[in-house]
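Protein chains in written order, with the working numbering: chain A, 11 to 561; chain B, 3 to 161.
Glycine is no exception: its CB is placed at the ideal position from the N, C-alpha and C atoms.
Okay, structure coming up:
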């Protein structure tokens, strides 16, 4: 037959089903030849190879003329001729449990260039792929979140892109990461394993998961593991090293016969519940605030869950359209979403123009303005820092922040915030620590936030280009936006106080006073006291007047 | 073969045709593969090469695709070589994937007897070199799950 193929070389062109001989060179050095027809598809060709090389079809990677052969094309389309050599490489098997993840990576058939100059690799080495999410991070589910919630599994990249971009940015600018991590505020947060654990344990689903998997509980309850992760996060080299180690461990697992099944089991028992736990944001009855993961990683559920989000905050129009959502997430810490929605110009002009005390005082009159949003829209770090370094502003912030009592009030006035704090005693503690808050709102910290934000938003346009199926990937940046909001909001909490020295409260709260009068609270003094205590928030003042002071 | 003697100057087309045949027939050590992109390009300028990651390195199991462009002055001057697959290697520009001649002596000290196969095998040797064999490699493509690990750590630390 081989001779047949050889001799027919000259005559084969017109013949439809001429059999030709193809030489195969396997990566382990072995050589053999097979006969096939030029019309057969690569997939069929691979099937024919199985008996010769004992490499399962899904692990075969065929390379000819420097190109990786795709299953759905014919040999002819690659210009394959008799006696030509095809290289065979044994790749790793596609991920067994990856119905929603592996579509692109495993086959090589869907290997589409997604950035102009840089094709992504043919997907040979997801060797660590299955395992990586487990080993590389203590919190594997969080990342997959984006994917799961986006509801468009095939566009795997979509949900991930925010993380990936953060990561990309960070790897390109390790300094930023380091600086960020070295911020005293961030360190403070991270050096507190109790807090991290608290955050995790406050999520009922997560707790459930831990109950069922003692191993995980062990990891999460082991402060040294947590600290190690944190350390690693701060040090890029260490992080790389750590990840390489896990990669290696994973390939070891893979090479053991039962390894893959074990990984699959792990996936089924751990990862999926994890996903569920972290994507519960959209479930009716689960408050965003009670699920810190969901809140932080927030918007992955956007397409499906937007309406729920918006009903929580009332500031985002619920459309439910699958269009990419580029808005930042509504600020869950903002008790006056409705008010703030109407005030954006006002809040924005304040830092721009002058930061004199009266103007800040008037801001206070509007409750806690949605400064976070302004912050998010302001992508000029210099601007922010200028604002924050204004001595007047600093003075106000200092005076506010040095008064823990006041911070307490601000924080407890916000129902969502309160719920969050009730769920997390640690958080309350944190919030009541003026030192920490000062750190968080320090100009340097905000500056870093802002520069991170800038980096991220710079990526947004091209990210959108990469989205084809209406995934809400772009919206995922909102996760960071949310964070910005969070910190922005904190700063504002401090800023939003009335300044009794300059403006008498009657005048400052004239509007609110008349509202309270209309509601039937006739004691002006009492009203003023309530309004001053609540920074002019009418509803909070009412609550206070009715005998439910925030604390 | 081009290496038969430096006294004989092999014309460009002959040399490229020979390389083409070697590529198609898989003559060589079998860990590199290369071929022409466009069979109709009579100047035979644009080529694709593949390096199979050498064993016992971080590259093991990976397949790296490269673009080689042989301009009309080839083989008097070396082709430009660019990795299409992301790779972290000392001689490769992280942004563009271009193999920097300044870091890859073979291109600066080019001899016209060299072939593209030589370049590919040399690059493969480079992958085995101590400074490259253990370099952390970028996650493959944008979809790979490894990608998010760092992001996760990051997010967690934010948490």
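* Asked: Based on Cα-Cα distance, which residue from 28(B), 40(B), 37(B) and 34(B) lies nearest to residue 43(A)?
  -> Working through the first chain from its first residue, we reach residue 43(A) at position 33. Among 28(B), 40(B), 37(B) and 34(B), the Cα nearest to that of residue 43(A) belongs to 28(B).
* Kindly examine the ligand SAH and report whether one of its heavy atoms sits closer than 6 Å to the Cβ of residue 55(B). => Absent from the structure shown: the ligand SAH. Ligands present: none.
* In terms of residues, what are the limits of the beta strand (DSSP E) holding residue 82(B)? -> Residue 82(B) sits at position 80 when you count from the first residue of the second chain. Run containing residue 82(B): 82 to 85, per the beta strand (DSSP E) assignment.
* In this structure, what does DSSP give as the bridge partners for residue 67(B)? -> As a first step, residue 67(B) is located in the second chain; it is residue number 65 there, counting from the start. 52(B).
* Determine contact between the segment 541 to 560 of chain A and the segment 72 to 89 of chain B, defined as no fewer than three beta-carbon pairs at a distance below 8 Å. => no
* **Bridge partners - residue 43(A), DSSP secondary structure assignment** => One-based indexing of the first chain puts residue 43(A) at position 33. 33(A).
* Could you give the distance in angstroms between the alpha-carbon of residue 367(A) and the alpha-carbon of residue 514(A)? -> Start at 1 with the first residue of the first chain, and residue 367(A) comes out as number 357. Start at 1 with the first residue of the first chain, and residue 514(A) comes out as number 504. Below a pLDDT of 50, predicted positions are generally treated as unreliable, and residue 367(A), at 35, falls in that range; no measurement from the model is reported.
* Rounded C-alpha distance that separates residue 58(B) from residue 106(B) -> Position 56 of the second chain, counting from 1, holds the residue named residue 58(B). Position 104 of the second chain, counting from 1, holds the residue named residue 106(B). So the two alpha carbons sit approximately 22 Å from each other.
* Asked: Are any of the Cβ atoms in chain A nearer than 7 Å to that of residue 53(B)?
  -> Along the second chain, one-based indexing puts residue 53(B) at 51. Chain A contact via Cβ: absent.
* Among 115(B), 126(B) and 117(B), nearest to residue 94(B) - alpha-carbon criterion -> On the second chain, position 92 is the one that residue 94(B) refers to. Selected option, being the one with the closest Cα: 126(B).
* Asked: Using a Cβ-Cβ distance under 7 Å, would residue 123(B) count as near chain A?
  -> Within the second chain, residue 123(B) is the residue found at index 121, counting from 1. False, the Cβ-Cβ gap to chain A never drops below 7 Å.
* So, are the CB atoms of residue 32(B) and residue 76(A) less than 7 Å apart? -> Here residue 32(B) refers to the residue found at position 30 when the second chain is read from its first residue. Here residue 76(A) refers to the residue found at position 66 when the first chain is read from its first residue. No, Cβ-Cβ distance for residue 32(B) and residue 76(A) is not below 7 Å.
* Asked: Where residue 19(A) and residue 137(B) are concerned, what is the direct C-alpha to C-alpha distance, given to the nearest angstrom?
  -> By one-based count along the first chain, residue 19(A) stands at place 9. By one-based count along the second chain, residue 137(B) stands at place 135. Legend: pLDDT at residue 19(A) = 39, less than 50; position of this residue unreliable, no value from coordinates given.
* Asked: Which chain B residues sit within Cβ distance under 8 Å of residue 78(A)?
  -> On the first chain, position 68 is the one that residue 78(A) refers to. Chain B residues near residue 78(A): 52, 65 and 67.
* What separation, rounded to the nearest whole angstrom, lies between the Cα atoms of residue 522(A) and residue 546(A)? -> Reading the first chain from its first residue, position 512 is the one you call residue 522(A). Reading the first chain from its first residue, position 536 is the one you call residue 546(A). For residue 522(A) and residue 546(A), the distance between alpha carbons rounds to 7 Å.
* Between which two residues does the alpha helix (DSSP H) containing residue 92(B) stretch? -> Locating residue 92(B) in the second chain gives position 90, where the first residue counts as 1. Here residue 92(B) belongs to no alpha helix (DSSP H), and DSSP marks it neither H nor E.
* **DSSP state of residue 6(A) mapped onto helix, strand, coil** => Look at the range of chain A in this structure, 11 to 561, and you will see that residue 6(A) is not part of it.
* Range of the contiguous beta strand (DSSP E) that encloses residue 98(A) -> Within the first chain, the letter at position 88 stands for residue 98(A). From DSSP, the beta strand (DSSP E) with residue 98(A) extends over 95 to 100.
* What number of angstroms, rounded off, separates the C-alpha of residue 524(A) from the C-alpha of residue 533(A)? -> For the purposes of this step, residue 524(A) is identified with residue 514 of the first chain, where counting begins at 1. For the purposes of this step, residue 533(A) is identified with residue 523 of the first chain, where counting begins at 1. Answer to the nearest angstrom: the Cα atoms are 11 Å apart.
* To do: Mind checking who residue 36(B) pairs with in its DSSP beta bridge?
  => Position 34 of the second chain holds residue 36(B). Per DSSP, 51(B).
* Asked: Is it true that the CB of residue 72(A) sits closer than 7 Å to the CB of residue 96(A)?
  -> Position 86 of the first chain, counted from the first residue, corresponds to residue 96(A). Position 62 of the first chain, counted from the first residue, corresponds to residue 72(A). The answer is yes: Cβ separation under 7 Å.
* Secondary structure of residue 10(B), DSSP reduced to three states -> For the purposes of this step, residue 10(B) is taken as residue 8 along the second chain, with counting starting at 1. Looking at residue 10(B) - three-state DSSP - the assignment turns out to be coil, as it is neither helix nor strand.
* Asked: Under 7 Å, do residue 185(B) and residue 77(B) count as touching if we go by C-beta distance?
  -> Since the first and last residues shown for chain B are 3 and 161, residue 185(B) lies out of range.
* residue 101(A) and residue 41(B): beta carbons closer than 7 Å? -> Against the first chain, residue 101(A) aligns to sequence position 91. Against the second chain, residue 41(B) aligns to sequence position 39. Result no, Cβ atoms of residue 101(A) and residue 41(B) do not sit closer than 7 Å.
* Checking contacts by CB at 7 Å: is residue 27(B) closer than that to chain A? -> On the second chain, position 25 is the one that residue 27(B) refers to. At least one chain A Cβ lies under 7 Å of residue 27(B).
* Asked: In angstroms, rounded to a whole number, what distance separates the CA positions of residue 90(B) and residue 55(B)?
  -> By 1-based counting over the second chain, the position of residue 90(B) is 88. By 1-based counting over the second chain, the position of residue 55(B) is 53. When rounded, the distance between both Cα atoms is 12 Å.
* **Simplified DSSP state of residue 65(A), which is helix, strand or coil** => Counting from one through the first chain, the residue named residue 65(A) turns up at place 55. Residue state, collapsed to three classes: coil.
* Asked: Comparing the C-beta of residue 35(B) with each C-beta of chain A, is any distance below 7 Å?
  -> Within the second chain, residue 35(B) is the residue found at index 33, counting from 1. Yes, residue 35(B) counts as interfacial toward chain A.
* To do: Can you have a look at residue 257(A) and say buried or exposed, based on whether 16 or more other CB atoms are within 10 angstroms of its CB?
  => Numbered from 1 along the first chain, position 247 holds the residue referred to as residue 257(A). Classification of residue 257(A): buried, given that the 10 Å Cβ count is 16 or more.
* Give a yes or no on whether 7 Å exceeds the smallest Cβ distance from residue 95(B) to chain A. => The residue you call residue 95(B) lines up with position 93 of the second chain. Not an interface residue.
* Asked: Is the beta carbon of residue 92(A) less than 7 Å from the beta carbon of residue 30(A)?
  -> Stepping through the first chain from its first residue, residue 92(A) is reached at position 82. Stepping through the first chain from its first residue, residue 30(A) is reached at position 20. In this structure, residue 30(A) lies closer than 7 Å to residue 92(A) by Cβ.
* Asked: Mind checking whether residue 79(A) and residue 99(A) have CB atoms under 7 Å apart?
  -> As a working mapping, residue 79(A) is identified with position 69 in the first chain. As a working mapping, residue 99(A) is identified with position 89 in the first chain. Contact: no.
* So, helix, strand or coil for residue 60(B), using DSSP? -> As a working note, residue 60(B) is residue 58 in the second chain. Coil.
* To do: Answer yes or no: do residue 124(B) and residue 60(B) have a C-beta to C-beta separation smaller than 7 Å?
  => Position 122 of the second chain, counted from the first residue, corresponds to residue 124(B). Position 58 of the second chain, counted from the first residue, corresponds to residue 60(B). No; because the gap between Cβ atoms is not below 7 Å, this pair is not in contact.
* Close-in-space but distant-in-sequence residues of the same chain around residue 134(B) (CB under 7 Å, 5 per side omitted) -> Within the second chain, the letter at position 132 stands for residue 134(B). Closer than 7 Å at Cβ, skipping near neighbours: 91, 92 and 128.
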